[in-house]
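Taken in sequence, the protein lines are chains A and B.
Heads up, the first sequence is in my numbering, so the first residue is 887 and it goes up one at a time.
Heads up, the second sequence is in my numbering, so the first residue is 887 and it goes up one at a time.
Glycine residues also receive a C-beta, built at the ideal position from the N, C-alpha and C atoms.
Encoded as structure tokens, the structure appears first; notes follow it.
Number of protein chains: 2
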Amino acid sequence: MKKIGLLGCGAIGTQIALAIDSGKIPGMLTHVYDVSKETAIELVSKLNSKPEIVENSHLLSSHSVNIIVEAASQDAVKDVGLSVLQNKRDLMIMSVGALLDESIYAILSDACNHFKKTIYLPSGAIAGLDGIKSVKDELESVSITTTKHPHSLKGAKFFETSQIDLDAICSPTTIFEGTAKQAVSLFPANINVAALLSLSGIGSEKTIVKIIADPDTDKNTHHIEAEGKFGKMNFTIENFPDSNNPKTSRLAILSAIETLRKYCSDDIQIGT
Amino acid sequence: MKKIGLLGCGAIGTQIALAIDSGKIPGMLTHVYDVSKETAIELVSKLNSKPEIVENSHLLSSHSVNIIVEAASQDAVKDVGLSVLQNKRDLMIMSVGALLDESIYAILSDACNHFKKTIYLPSGAIAGLDGIKSVKDELESVSITTTKHPHSLKGAKFFETSQIDLDAICSPTTIFEGTAKQAVSLFPANINVAALLSLSGIGSEKTIVKIIADPDTDKNTHHIEAEGKFGKMNFTIENFPDSNNPKTSRLAILSAIETLRKYCSDDIQIGT
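Laid out in structure tokens, this is it:
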């Protein structure tokens, strides 16, 4: 049975830990870490099978685990990513925005190759990445339009310099259109989705991101369009928030659980 | 470097072999087999790095390969699937319709678990299976509507008992609506797509298949809808046929190549 170390015991880390503890993911959670020791203790208190709490994030991969699951922050990826691979552990990354930094991507990709280890990025709050990466070499255009309630957009860096008043929006309104590279610094809450689509396809400078504020929606909707010699793909994903963690789409948690379940299983694996 | 054995040297097997030979898939094709030795010889003649032609399909996995790629037929899957796993090789299956036979599925799934090996099923001519399998436990409904030119539907078993005259269709016409289980026996050309969607989601008795004949289309279009507690997903995939093999969508070949590339690579793997 595969042994798992968990870096980050917040809302997403907790859902993953509970999925392991319930047997949905056929692995063993042996070690956990969080910058807040209280948060780690709180997580462990919820589990039947108790993992050890380690004293710093680098110690996770010094134990004999098979994979480290990062559910902490982009900084955590930059901080421990390389040492996880050097210690010959696989790595699953939730904070995929970290990989839009090309030097980080290159270091981690080279390290995978050198140490014969793999980094897994779940599909997050979107779907269809099996298709996008298959046609990667033939893609001519890729775009993603995200529609959210104005409340969900509040606090984004974009509004520091924009004249748009979110409270005044009374019908669906396009508030941003630009490259994924521009979008990720302006809309941090959208960073994982934009990063995943960019990394699967034609990169963050060619992937187009459009953001729509819709006061009448209760969902986060992502609409992806991709075109090339192979034909066309359109994916629309309407996500409800997770009941335990309203800031995250339920699909983002389910796709992380499925990725780890697959990693821990010797079975029939469906999908590219 | 991973060693690959290829079972089936027809149009799809040839494309996969050429992708290995060109370095796009970073593996080594060491052994091949086809029921027609001439077909195997013809394939080998196209490759710079020459694999050995074995004398029967069972011999492929007795050599020290890491994975056997089936690109032959459902019968080939039934015939050699178990022995590949018993010989401790992984298996990639193109003829996924074979797995709709529940006893075959159970035998191969158990064997994966017992021999600690994995069977890989590429996403074929569709996409979004990363999303469907993530929400599998929460799915309430899944359907797929396939639209093709009437010519592409000719010869299907369905027309042996139907009154529909394909040549008389002059506008988009629904010719079938039923379960995936019913559809696969009536429309053999659709079997892989229906099988992949059924296996990822809620099974062939609950997955709904609709088939539309459209005399004005030059593509095969698949439209998938899925709904549940997580929200909704809609995927539309418009496929052009592959120029080397007009009976197959280009995406089906590209997704097979991507699945094998991923298997052979130690790298960052994107998508659930």
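How far does the beta strand (DSSP E) with residue i in it reach, from first residue to last?
i                  : result
leucine 946(A)     : Note, leucine 946(A): premise wrong, no beta strand (DSSP E); not H, not E.
aspartate 976(A)   : 976-979
asparagine 1106(B) : 1106-1114
lysine 888(B)      : Where lysine 888(B) is concerned, there is no enclosing beta strand (DSSP E), given that its DSSP letter is neither H nor E.
valine 955(A)      : 953-956
Quick check on DSSP: helix, strand or coil for residue i?
i                     : result
phenylalanine 1073(B) : coil
glycine 1041(B)       : coil
glutamine 972(A)      : helix
serine 995(A)         : helix
valine 881(B)         : Nothing in the structure corresponds to residue 881(B), since chain B is present only between 887 and 1158.
phenylalanine 1001(B) : helix
valine 1021(B)        : coil
glutamate 941(B)      : coil
serine 989(A)         : helix
threonine 1047(B)     : helix
serine 935(A)         : coil
lysine 1034(A)        : strand
Starting from residue i, trace the alpha helix (DSSP H) in both directions and tell me its first and last residue.
i              : result
leucine 904(B) : 897-907
serine 922(A)  : Segment: none, serine 922(A) is in no alpha helix (DSSP H) and carries neither H nor E.
Closer than 7 Å to a non-hydrogen atom of the ligand SAM - does that hold for the CB of residue i?
i             : result
lysine 889(B) : Inclusion of the ligand SAM in the displayed structure is not the case, the ligand content being empty and no account of it being possible.
I'd like to know if residue i contacts chain D, where contact means its C-beta is closer than 8 Å to some C-beta of that chain.
i               : result
leucine 1137(A) : The chain inventory of the structure shown lacks chain D, comprising the protein chains A and B.
Practice prompt. Return the residues of the segment 982-1010 of chain B that lie within a Cβ-Cβ distance of less than 9 Å from chain A, sorted by chain order.
Written response: Val982, Leu985, Tyr991, Leu994, Ser995, Cys998, Asn999, His1000, Phe1001, Lys1002, Lys1003, Thr1004, Ile1005, Tyr1006, Leu1007, Pro1008, Ser1009 and Gly1010
Worksheet item: Taking contact to mean at least 3 C-beta pairs separated by less than 8 Å, is the segment 1046-1059 of chain B in contact with the segment 1105-1119 of chain B?
Response: no
Item to complete: Mind the definition here: the segment 1003-1012 of chain B touches the segment 967-980 of chain B only if three or more C-beta pairs lie below 8 Å; say whether that holds.
Response: yes
Worksheet entry | Unbroken stretches of the alpha helix (DSSP H), 4 residues or longer, contained in the segment 1057-1103 of chain A | 1066-1072 and 1077-1086
Worksheet item: Pairing CB atoms from the segment 891-901 of chain A with CB atoms from the segment 1130-1142 of chain A, are three or more of them under 8 Å?
Response: yes
Practice prompt. Determine contact between the segment 947-959 of chain A and the segment 913-923 of chain A, defined as no fewer than three beta-carbon pairs at a distance below 8 Å.
Written response: yes
Worksheet item: Is there contact between the segment 1021-1033 of chain B and the segment 1087-1102 of chain B, where contact requires at least three CB pairs shorter than 8 Å?
Response: yes
Discussion item. List, from N- to C-terminal side, the alpha helix (DSSP H) runs of 4 residues or more that fit wholly inside the segment 1117-1156 of chain A.
Written reply: 1136-1150
Discussion item. Using a Cβ-Cβ cutoff of 8 Å, what residues of the segment 1096-1126 of chain A are near chain B? List them in chain order.
Written reply: Lys1105, Lys1115, Phe1116, Gly1117, Lys1118, Met1119, Asn1120, Phe1121, Thr1122, Ile1123, Glu1124, Asn1125 and Phe1126
Worksheet item: Using a Cβ cut-off of 9 Å, which residues of the segment 1141-1155 of chain B contact any Cβ in chain A, in chain order?
Response: Ser1141, Ala1142, Ile1143, Glu1144, Thr1145, Lys1148, Ser1151, Asp1152, Asp1153, Ile1154 and Gln1155
Worksheet entry | Members of the segment 1015-1031 of chain B that neighbour chain A once the beta carbon cut-off is set at 9 Å | Leu1015, Asp1016, Gly1017, Ile1018, Lys1019, Ser1020, Val1021, Lys1022, Asp1023 and Glu1024
Practice prompt. Mind the definition here: the segment 1059-1078 of chain B touches the segment 1117-1132 of chain B only if three or more C-beta pairs lie below 8 Å; say whether that holds.
Written response: no
Fill in: Members of the segment 1073-1095 of chain B that neighbour chain A once the beta carbon cut-off is set at 7 Å
Leu1082, Leu1085 and Ser1086
Item to complete: Determine, using beta-carbon pairs with one atom in the segment 1115-1122 of chain A and one in the segment 1036-1053 of chain A, whether at least three such pairs fall under 8 Å.
Response: no
Discussion item. Whether or not the segment 1149-1158 of chain B and the segment 1013-1020 of chain A are in contact is what I'm after, with contact meaning three or more pairs of Cβ atoms, one per stretch, closer than 8 Å; do they touch?
Written reply: yes
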